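Going from the sequence shown to this note's numbering is simple: count from 1 and add 1.
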Amino acid sequence: MSDHDQSKTKVAVLSLLPIVLLFVADYWLLLVKPFGESIISHFAIAVLAAQLICQVIFLRGEICNGQRSRLSRWNLYFLIFWLGWLLITCFQIKVYLPIRLAYCCGAGLTLTTWQQPKEEQLRRGVLWLGVIVGCIGLLLAVIPVFLFQMTISLTFNPLLQVVLGIGLAYWGLLVSRNRLHGLMDLLPYFALIGLVASSVMAMVSLVIMYLDHHTMAWDPFHLSCYFIAHLLLLAIWSYPIVKRTKPNYWSLVAIILLAGFSPILLF
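Here it is in structure tokens:
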């Protein structure tokens, strides 16, 4: 196998890996959730957030055609995620229409970045259409947070999903060998803000449930592990800021695993 073929294989594997990790995390979350609940992806917000970050890069980032093409090809792999979940909904008896529409919006957003027109005005028009579709999908994807009881809805914690989405977007920037160093330096700060907000949201939810029911809905050990996962995520995102370096693939894998699997502790 030539070096070029090896490079293409490596890029394909690196592009597929986060999708596989999301599917595995979703599978485990569905295994432990209460029987009878609808089968809904816990990471629609995360994927949409990652894609919208990429959309902003396509619109505002000063990137060459090579970087644009590589990021576009990486972004296309999210079509596997959306089509996979759309296929799953075809075998469900009870399906929430807004959630299915969110999956459709995600697929539509993905397609707006594929084979981008060379003519700038047309390209920007298509990309802005993608932003609108993605924002609609994001609003639809938030519905599960209000659809279920708070004990279940917290597993869809949108702020933690945004942190995961930032990790996915950063992964894409590494795979596409992007040179937007300013943005890559800023993303960890946004992730830290999201983590703090996620922790506050979780604690406020706990207080509300305790005041309503005068009891703790979750096992204290599992709850402690959930917040420890937040602390570990804070440490991982803080490390490159302190060391003035950039997150690597291993740290991003840890971020995806911690953010993806920690909601299991809330069942």
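We put the CB at the ideal spot given by N, CA and C, even for glycine.
Note that this is a predicted model, so its numbers are computed, not measured.
Of the choices the options, whose alpha-carbon is the least far from that of residue i?
i      : options                        : result
Asn158 : His231, Asp220, Leu184, Tyr171 : His231
Phe191 : Arg180, Leu160, Leu181         : Leu160
Ser16  : Asp27, Met202, Gly173          : Gly173
Phe262 : Arg125, Leu31, Val127, Ile54   : Leu31
Leu253 : Val243, Ser225, Pro189, Asn179 : Pro189
Ile144 : Ile242, Ser199, Ala45, Phe79   : Ala45
Thr10  : Phe268, Trp75, Leu234          : Trp75
Tyr250 : Gly168, Leu123, Leu267         : Gly168
Cys106 : Ile133, Gly67, Cys91, Val176   : Ile133
Leu206 : Lys247, Arg61, Leu235, Ile153  : Residue identity check: residue 206 is Ser in the sequence provided, not Leu. Comparing Cα positions, the closest option is Ile153.
Phe222 : Ala142, Leu266, Leu181, Leu233 : Leu266
Gly183 : Val163, Glu120, Ile242         : Ile242
Gln150 : Lys34, Ala13, Ile20            : Lys34
The alpha helix (DSSP H) with residue i in it runs from where to where?
i      : result
Arg125 : 121-142
Val163 : 159-176
Leu110 : 98-112
Leu155 : No alpha helix (DSSP H) contains Leu155, which DSSP labels as neither H nor E.
Phe79  : 79-90
Using the three-state DSSP reduction, which class does residue i fall into: helix, strand or coil?
i      : result
His43  : coil
Thr246 : coil
Asp27  : helix
Phe268 : coil
Arg61  : helix
Pro189 : helix
Arg71  : helix
Leu184 : helix
Asn179 : coil
In whole angstroms, what is the alpha-carbon distance linking residue i and residue j?
i      : j      : result
Arg125 : Thr114 : 10 angstroms
Ile41  : Val96  : 9 angstroms
Gly195 : Trp86  : 26 angstroms
Lys244 : Ile89  : 43 angstroms
Leu18  : Phe92  : 26 angstroms
Gly138 : Glu63  : 27 angstroms
Pro81  : Val25  : In the sequence as presented, Pro is not what sits at residue 81; that position holds Ile. Rounded to the nearest angstrom, the two C-alpha atoms are 14 angstroms apart.
Leu259 : His43  : 14 angstroms
Trp1   : Ala198 : In the structure as shown, the chain begins at 2 and stops at 268. Residue 1 is therefore absent and cannot be evaluated.
Gln56  : Cys136 : 11 angstroms
Tyr227 : Ser70  : 38 angstroms
Ile58  : Leu233 : 28 angstroms
Assuming residue i and residue j form a contact by the criterion Cβ under 8 angstroms, report the distance between their Cβ atoms to the nearest whole angstrom.
i      : j      : result
Thr1   : Trp83  : Given a span of 2 to 268 for the chain in the structure shown, any question on residue 1 remains unanswerable.
Leu22  : Ile257 : 5 angstroms
Leu140 : Ala47  : Not really, about 15 angstroms apart at Cβ, beyond 8 angstroms.
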